[in-house]
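2 protein chains.
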Amino acid sequence: MARAGLTAARLTEAAAQLADEVGLDRLTVSALARRFGVKDASLYSHIKNLRDLRVRIAVLAAEQMSEEIALAVAGRAGKDALIAFADAYREFALAHPGRYAATQLQFDPEEVADSVGGRRGVELTLGVLRAYGLEEPDLTDAGRLLRAAFHGYIQLELNQGFAHNRPVRQSWTRSLDALHVALSNWPAQPTGSTE
Amino acid sequence: MARAGLTAARLTEAAAQLADEVGLDRLTVSALARRFGVKDASLYSHIKNLRDLRVRIAVLAAEQMSEEIALAVAGRAGKDALIAFADAYREFALAHPGRYAATQLQFDPEEVADSVGGRRGVELTLGVLRAYGLEEPDLTDAGRLLRAAFHGYIQLELNQGFAHNRPVRQSWTRSLDALHVALSNWPAQPTGSTE
DNA sequence: CTTTCTTCCTAGACATCCTAGGAAAGGATC
DNA sequence: GATCCTTTCCTAGGATGTCTAGGAAGAAAG
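Encoded structure:
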């Protein structure tokens, strides 16, 4: 009997592919085993469990995504960088919805301790924002707003959450213009606020 | 044998509760039946299937959420209304994560045709935005940005997606300030753009 | 009381995750 | 080449879940 030649890496890649095709929630160990012509129990030599498989997808996706964003942002600053970042972010998510969904899972910190992807994503965001002259804690606040807006847009777009009367692309572009305005005129700290 | 007195409405309410407690993804028909001291098969007289149950939760949640937002926004305009809207939105989502997650499912249009909650949510958003003097298509674009930003924030906050060094509440407040700036200075249409 | 309707049941098919323990492929070693 | 070892993949099976089919036991209406 010939072997399928399974490894954790190959499984993760195929699982990411499968998740992109059918959705992360419908990625099952059984389906993945089927794709390799193998019994489901066989996969458990390579992955701990379904959860572990998803985390591996997330780590892979974070790396690939931050790589593409880094390429897009390289050599740009200010609004150019913002738009390049946002477009790369959106394009990755739309092209790889399963991988993207995986990046949004809740992780235990140690699960992803050795993941460079997540860390680099944060750094890239901060890089874009520094061009607007922001400093802490505004940097954190603005970063969170950007991440939220990007993520929210993707999520709503993937879930068909937008009515179809106006192309999403156009709203996206205008929203980025608006975010640029917000970043360029970041409101001053409320003085003496203990909040 | 005494009867449990199940109805679709009671099941939906209990399911929403359960989803808030354990997460929408871990809401199962079995668990819901257990909670009523009843066999799982018994529920299928009242609900079509698990999917149907989730949609019912979504409809319920949309109604409750838009109700609370309407109360918060009533009598306010401009930045006051924006902040009231946003805070009510966030508070509902954090207090009812299962219900909130249900509102983010993908629906077939007919599934939720008779739902007032969704429609009212859109109207409330547009109401807030009109105070900024926006008109179509800016109204749509700005509405999408707001929805995305709110949703993204909630999602990231629920998933512990934010590092813990700075309280989310503070970033949220500053981000709303920034969105107010963006809405108040909504960029002019790109002239002659066919995009 | 009897009929009818609804509610809830048992039984069971099927899918999924995952564990335990065994067999067999492929190297490494003698 | 024969033997040992490691890894890969298997069969078997328990646990939990969704959902259908058909039956029995309440409640309500005649």
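If you're matching them up, the sequences are chains H and B in order. Heads up: the first sequence begins at 1 in this note's numbering, then just goes up one per residue. Heads up: the second sequence begins at 1001 in this note's numbering, then just goes up one per residue. Each residue gets a CB set at the ideal place from its N, CA and C atoms; glycine is no exception.
8 Å Cβ cutoff, residue i in contact with chain H
i: S1115/B; result: no
i: F1162/B; result: yes
i: V1059/B; result: no
i: L1043/B; result: no
i: Y1153/B; result: yes
i: R1056/B; result: no
i: R1166/B; result: yes
Test: residue i CB closer than 8 Å to a CB of chain B
i: D177/H; result: yes
i: P97/H; result: no
i: L129/H; result: no
i: S171/H; result: yes
i: L50/H; result: no
i: R174/H; result: yes
i: A182/H; result: yes
i: V156/H; result: Correcting the residue identity first, residue 156/H is Leu in this sequence and not Val. Answer yes: the Cβ-Cβ gap between L156/H and chain B drops below 8 Å somewhere.
i: Q64/H; result: no
For residue j and residue i, believed in contact at Cβ under 8 Å, the rounded distance
i: W1186/B; j: A1142/B; result: 6 Å
i: L32/H; j: A14/H; result: 6 Å
i: A88/H; j: E68/H; result: 5 Å
i: A1149/B; j: A182/H; result: Incorrect: roughly 10 Å between the Cβ atoms, too far for contact.
i: A1102/B; j: R1054/B; result: 6 Å
i: G121/H; j: A19/H; result: Not quite, the Cβ-Cβ distance comes to about 19 Å (not below 8 Å), so this is no contact.
i: L139/H; j: L124/H; result: Not confirmed; about 13 Å, so no contact.
i: R166/H; j: P1137/B; result: 6 Å
i: N1159/B; j: Q64/H; result: Their Cβ separation, rounded to whole angstroms, is 20 Å, which puts N1159/B and Q64/H out of contact at 8 Å.
i: K79/H; j: H180/H; result: 5 Å
i: Y100/H; j: F92/H; result: 7 Å
i: V1128/B; j: L1071/B; result: Not a contact, Cβ separation roughly 14 Å.
i: H1046/B; j: L1011/B; result: 6 Å
i: V73/H; j: L50/H; result: Rounded, the Cβ-Cβ distance is 34 Å, inconsistent with contact.
The ligand MN heavy atom lying under 7 Å from the CB of residue i
i: A1095/B; result: Although the ligand MN was asked about, the structure shown includes no ligands whatsoever.
Exercise. Between the stretch 131 to 151 of chain H and chain B, which residues of the former have a C-beta closer than 8 Å to a C-beta of the latter?
Worked result: Only P137, D138, T140, D141, A142, R144, L145, R147, A148, A149, F150 and H151 from the stretch 131 to 151 of chain H bring a Cβ to less than 8 Å from some Cβ of chain B.
Problem set entry | Proximal residues, the stretch 11 to 36 of chain H versus chain B, C-beta separation under 7 Å | Contact annotation: in the stretch 11 to 36 of chain H, no residue has its CB less than 7 Å from a CB in chain B.
Exercise. Which residues, in chain order, does the stretch 72 to 84 of chain H contribute to contact with chain B at a C-beta distance below 7 Å?
Worked result: Considering only beta carbons, no part of the stretch 72 to 84 of chain H lies closer than 7 Å to chain B.
Exercise. Looking at C-beta atoms only, is the number of pairs between the stretch 1105 to 1123 of chain B and the stretch 1039 to 1059 of chain B that lie closer than 8 Å three or more?
Worked result: A contact exists between the stretch 1105 to 1123 of chain B and the stretch 1039 to 1059 of chain B.
Exercise. Taking contact to mean at least 3 C-beta pairs separated by less than 8 Å, is the stretch 39 to 51 of chain H in contact with the stretch 78 to 97 of chain H?
Worked result: The stretch 39 to 51 of chain H vs the stretch 78 to 97 of chain H: no contact.
For this session: Assess, as a yes-or-no matter, whether the stretch 1152 to 1166 of chain B is touched by the stretch 172 to 190 of chain H under the definition of 3 or more beta carbon pairs within less than 8 Å.
Result: Fewer than three beta-carbon pairs drawn from the stretch 172 to 190 of chain H and the stretch 1152 to 1166 of chain B are found closer than 8 Å, and the two stretches are therefore not classed as touching.
Exercise. Are the stretch 1173 to 1180 of chain B and the stretch 143 to 150 of chain H touching, with three or more C-beta to C-beta distances below 8 Å?
Worked result: Verdict: yes, contact present.
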